[in-house]
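At position 255 of the sequence shown the residue is numbered 255 (the numbering used here), and the sequence of numbers has no breaks.
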Amino acid sequence: MRLIKGEVGFGRFYYGWVIVGVALVSMAFWFGIRTAFSVFYVALLEDFPWGRGEAAGVQSLTLITYTIMAPLVGWLIDRFGPRRIMVPGIVLLALGLILCSSIKTLLQFYLLYGVLVGIGITCTAILPYSAILAHWFEKRKGVASGLALSGMGLGVFVLVPLSQYFISLWGWRLAFAALGVLVLIFLLPLNALFLRHRPEQLGLSPDGARGPGPSKGPRLEVIDRAWSETDWTLRNASRTGKFWALMIFPFCVAIPIFIVIVHGVRFLVDQGIDKMTAAFVLALVGIVSSVFRILWGWLSDSIGRENTYTLGVICMCVGLCSLILLEILGERRFVYPFIVFFSAGWGATTPMFVSVSADLFRGKGFGLIFGTVEGVIGIGCALGAWVAGFIFDKTQSYQMAFVLATTLSIASCLFIWLAAPRKVLGIGK
């Protein structure tokens, strides 16, 4: 096959899809490791005399670290490019996981996992890849983001039960070390060899366009040309109402997601479900959400971000209500609607975070802008991880935590309509 000048690849294949593939695998490790905390959480509570709130606080510190580091990482990527930031971050992530195998005190766990792993994981998370994909795709950003972010569910499906298997086989110490080794074997060479920041580096244009004339994909109509042609920076974006709505809608829904992700396995075990089955339920939620991430990403390019996200929030609320009914009635059959509907709702969230941000504020400062969005999301995730443990310690039940999660999911839907990407780009018209 013929090599195209300036392109790494063969024939007419667009290298942007390689970037999507790298992002997919990286998302699998990022979110799989983050979610696998839930099974380590169970094992550590059995070995150490820690309360659920203070132990879950380690995950909260990880997310606070992410919150602090995300804008900085976004700015560094805008200035120096992704590989110079992400490759050292991957090494740091692996080192932090390996060192976690030696922890003996809660303070050590806070420092090694909460800080060191937290810094490393920021460099391999959704933030850098979202900033990269925003350069590679315009008309297909919904489906590209959905495909890349489907790796999140794949990582949950693979790494959560794998971590539980490692813990059952070797104990939690060697399980931490094994995860660190997997990061070095898979994540490091993939990003070091194949990652590219912008299509212009390979003589390409967004979406694979090669010259004048119509490009394939959904038709994109600019509604507010002055807005869409602005070269956005964090400073001028922060002066708009859309920016603050963009901050709030993912913050609200991040809390429910991390209430379930951090405490879901422990909740299911409390309901009499064995540990491996509980881990498998969370793994199923992950893989089913991957399918929905692709579906919602594609659908949002056709019917718009707000309509798509609203459908997703409805599904999430049904899933959360299933957990409430499971605890009240003690009927395990409610696990099944939880898996389907919570997965569907979760699948709608992250692709919309990325696509709405790119619809509204693409420009030279997008890395820093989206880094700020991710920082706010990190605060929501940290709050969700902590508040459910706090509520349980006070009430000996997760019921009020799930009620809070349902309420905040509905609130998040209001703010995506206030962000109103439909008023900037006429998606799918």
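No residue lacks a Cβ here, since even glycine has one placed at the ideal position from N, Cα and C.
The structure presented is a predicted model; accordingly, all values stated were derived computationally and were not measured.
Give the C-beta separation of residue i and residue j to the nearest angstrom, bearing in mind that I take them to be a contact with Cβ-Cβ under 8 Å.
{"i": "residue 119", "j": "residue 69", "result": "6 Å"}
{"i": "residue 121", "j": "residue 30", "result": "6 Å"}
{"i": "residue 136", "j": "residue 199", "result": "5 Å"}
{"i": "residue 371", "j": "residue 74", "result": "2 Å"}
{"i": "residue 252", "j": "residue 388", "result": "Contact doesn't hold; Cβ gap of about 15 Å is too wide."}
{"i": "residue 415", "j": "residue 248", "result": "5 Å"}
{"i": "residue 316", "j": "residue 409", "result": "5 Å"}
{"i": "residue 239", "j": "residue 146", "result": "About 31 Å; that fails the 8 Å criterion."}
{"i": "residue 19", "j": "residue 196", "result": "7 Å"}
{"i": "residue 157", "j": "residue 283", "result": "5 Å"}
{"i": "residue 262", "j": "residue 385", "result": "4 Å"}
{"i": "residue 362", "j": "residue 232", "result": "7 Å"}
{"i": "residue 413", "j": "residue 340", "result": "At roughly 20 Å, the Cβ-Cβ gap does not stay under 8 Å, so residue 413 and residue 340 are not in contact."}
{"i": "residue 78", "j": "residue 365", "result": "7 Å"}
{"i": "residue 143", "j": "residue 62", "result": "Not quite, the Cβ-Cβ distance comes to about 30 Å (not below 8 Å), so this is no contact."}
{"i": "residue 321", "j": "residue 395", "result": "The pair is not a contact, with the Cβ atoms about 18 Å apart (cut-off 8 Å)."}
{"i": "residue 250", "j": "residue 373", "result": "7 Å"}
Does DSSP put residue i in a helix, a strand or coil?
{"i": "residue 215", "result": "Confidence at residue 215 is low in this model, with a pLDDT of 47, below 50, so its placement is unreliable and no value can be given for it."}
{"i": "residue 424", "result": "coil"}
{"i": "residue 139", "result": "coil"}
{"i": "residue 410", "result": "helix"}
{"i": "residue 164", "result": "helix"}
{"i": "residue 273", "result": "coil"}
{"i": "residue 334", "result": "helix"}
{"i": "residue 13", "result": "coil"}
{"i": "residue 345", "result": "helix"}
{"i": "residue 125", "result": "coil"}
{"i": "residue 51", "result": "coil"}
{"i": "residue 1", "result": "With a pLDDT of 34 at residue 1, under the threshold of 50, the predicted position of this residue should be treated as unreliable, though the coordinate-derived value follows. In the structure shown, residue 1 sits in coil (DSSP, three-state: anything other than H, G, I, E or B)."}
{"i": "residue 289", "result": "helix"}
{"i": "residue 8", "result": "In this prediction, residue 8 has a pLDDT of 41, which is less than 50 and means its spatial position is unreliable; what the coordinates show is noted afterwards. Reduced to three states, the DSSP call for residue 8 is coil."}
{"i": "residue 429", "result": "Because residue 429 sits at a pLDDT of 49, beneath the cut-off of 50, its placement in the model cannot be relied upon, and the following sentence gives the value as read from the coordinates. In this structure, residue 429 counts as coil in the three-state DSSP scheme."}
Taking the alpha helix (DSSP H) that residue i belongs to, which residues open and close that run?
{"i": "residue 305", "result": "305–329"}
{"i": "residue 178", "result": "172–182"}
{"i": "residue 225", "result": "225–228"}
{"i": "residue 238", "result": "No alpha helix (DSSP H) holds residue 238; DSSP gives it neither H nor E."}
{"i": "residue 453", "result": "Any property of residue 453 remains undetermined from this structure, which presents the chain solely from 1 to 429."}
{"i": "residue 16", "result": "16–47"}
What I want to know is whether the C-beta of residue i ends up closer than 6 Å to one or more non-hydrogen atoms of the ligand SAM.
{"i": "residue 134", "result": "This structure simply doesn't include the ligand SAM, nor any ligand for that matter."}
Counting only C-beta atoms, is residue i closer than 7 Å to chain B at any point?
{"i": "residue 93", "result": "The question asks about chain B, but that chain is absent: this structure has only one protein chain."}
#### Entry: Three-pair Cβ contact test at 8 Å for the region 235–250 versus the region 407–419
With a cut-off of 8 Å, the region 407–419 and the region 235–250 count as touching, because enough Cβ pairs lie within range.
### Query
Just checking, does the region 256–273 make contact with the region 30–40 on the three C-beta pairs under 8 Å criterion?
Yes: the two stretches touch, three or more of their Cβ pairs being nearer than 8 Å.
Residue ranges of each alpha helix (DSSP H) within the region 185–210, 4 or longer: List check, alpha helix (DSSP H) in window: 188–194.
- Query: Would you call the region 267–284 and the region 316–335 touching, i.e. three or more CB-CB distances under 8 Å?
  - Reply: Three or more beta-carbon pairs separated by less than 8 Å link the region 267–284 to the region 316–335, which places the two stretches in contact.
Any alpha helix (DSSP H) of 4 or more consecutive residues that is wholly inside the region 350–401: For the region 350–401, whole alpha helix (DSSP H) runs of length 4 or above, ordered along the chain, are 366–395.
Check whether the region 56–67 and the region 103–118 are in contact - that is, three or more C-beta pairs closer than 8 Å.
Put simply, the region 56–67 touches the region 103–118. At least three CB pairs are less than 8 Å apart.
Item to check | Sufficient close CB pairs (3 or more, under 8 Å) joining the region 74–88 to the region 115–130 | outcome: Segments in contact, yes.
Three or more C-beta pairs closer than 8 Å, one from the region 277–293 and one from the region 385–403: is that the case here? Touching, no.
Return the chain-ordered ranges of every alpha helix (DSSP H) run that is complete within the region 68–123 and spans a minimum of 4 residues. The region 68–123 contains these whole alpha helix (DSSP H) runs: 83–99, 106–109, 118–122.
Note to self: Three Cβ pairs or more, each shorter than 8 Å: is that satisfied between the region 339–346 and the region 374–381?
What the structure shows: Verdict: no, contact absent.
**Study point:** contact_flag[the region 349–368, the region 147–166] where n(CB pairs < 8 Å) is 3 or more
**Key:** Three or more pairs of CB atoms, one per stretch, sit closer than 8 Å, so the region 349–368 contacts the region 147–166.
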